[in-house]
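J.: Numbering-wise (this note's numbering), the sequence shown opens with residue 1463 and increments by one. By construction, the Cβ of each residue, glycine as well, lies at the ideal position given by its N, Cα and C atoms.
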Amino acid sequence: MKELGNMDRKNHVYSRVIKTNYRTYFLDVRVTKRGQNYITLTESKKKFDQSSGKMTYEKHKVFLYKEDFDEFAEAFTDVVKYAKENENEITDYQETTSTNNTEETPLEKTTTVDLNFEDLGKEE
1463 MKELGNMDRK NHVYSRVIKT NYRTYFLDVR VTKRGQNYIT LTESKKKFDQ SSGKMTYEKH
1523 KVFLYKEDFD EFAEAFTDVV KYAKENENEI TDYQETTSTN NTEETPLEKT TTVDLNFEDL
1583 GKEE
């Protein structure tokens, strides 16, 4: 395990690790210099670097601040519930936006294009 520097040890309060076949997720509670908690969500994917012949890790981070905890948790729970209940029924993409817990607005993002590749390059 990698040794944390002094700064990391000071502001690192709590962690949970979720390991899957191809990814590892780190959920960490940290503290700002002003004493406020925030959360870092890190996705780490193991990749093979062909140029060096070694395994590397690709990381993506999201920082979630205290003022957004409740709205994020509610939206995350809702999305997970929807995904589980509609696993085999999802065909079109729908997005719901929310601003400060007010009215939700569904946005449809569906595009249909009729392509005929045999017509490419022909003059009409």
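Between which two residues does the beta strand (DSSP E) containing residue 1544 stretch?
T.: Looking up residue 1544 in the sequence shown gives position 82. Segment 1531-1547 is the alpha helix (DSSP H) holding residue 1544; no beta strand (DSSP E) there.
J.: So, are the CB atoms of residue 1544 and residue 1500 less than 7 angstroms apart?
T.: Taking the first residue of the sequence shown as 1, we reach residue 1544 at position 82. Taking the first residue of the sequence shown as 1, we reach residue 1500 at position 38. In this structure, residue 1500 does not lie closer than 7 angstroms to residue 1544 by Cβ.
J.: Suppose you measure from the CA of residue 1507 to the CA of residue 1497; what does that come to, to the nearest Å?
T.: Locating residue 1507 in the sequence shown gives position 45, where the first residue counts as 1. Locating residue 1497 in the sequence shown gives position 35, where the first residue counts as 1. Roughly 31 angstroms separates the two Cα atoms.
J.: Roughly how many angstroms separate the alpha carbons of residue 1539 and residue 1532, rounded to a whole number?
T.: Here residue 1539 is taken as the residue at index 77 of the sequence shown, counted from 1. Here residue 1532 is taken as the residue at index 70 of the sequence shown, counted from 1. Each residue's Cα considered, the two are about 11 angstroms apart.
J.: Please list, in chain order, all residues of the same chain as residue 1476 whose beta carbon is under 8 angstroms from its beta carbon, the five residues on each side excluded.
T.: The residue you call residue 1476 lines up with position 14 of the sequence shown. Around residue 1476: 1490, 1491.
J.: Leaving out the 5 sequence neighbours to the left and right, which residues in its chain are closer than 8 angstroms to residue 1519 when beta-carbon positions are compared?
T.: The count along the sequence shown starts at 1 and reaches residue 1519 at position 57. If we look at residue 1519 and ignore the five residues flanking it on each side, its Cβ neighbours are 1506, 1507, 1508, 1509.
J.: Expressed to the nearest angstrom, what Euclidean distance is found between the alpha-carbon atoms of residue 1565 and residue 1537?
T.: Within the sequence shown, numbered from 1, the residue matching residue 1565 stands at position 103. Within the sequence shown, numbered from 1, the residue matching residue 1537 stands at position 75. With a pLDDT of only 47 at residue 1565, under the threshold of 50, the placement of this residue in the model should not be trusted; the figure read from the coordinates follows. Whole-angstrom Cα-Cα distance: 13 angstroms.
J.: Go ahead and label residue 1550 buried or exposed: buried means 16 or more other beta carbons lie within 10 angstroms of its beta carbon, across all protein chains shown.
T.: On the sequence shown, residue 1550 is found 88 positions in, with the first residue counted as 1. With fewer than 16 other Cβ atoms within 10 Å, it is exposed.
J.: Do residue 1523 and residue 1494 have their CB atoms nearer than 7 angstroms?
T.: By one-based count along the sequence shown, residue 1523 stands at place 61. By one-based count along the sequence shown, residue 1494 stands at place 32. Their beta carbons are not under 7 angstroms apart, which means residue 1523 does not touch residue 1494 by this criterion.
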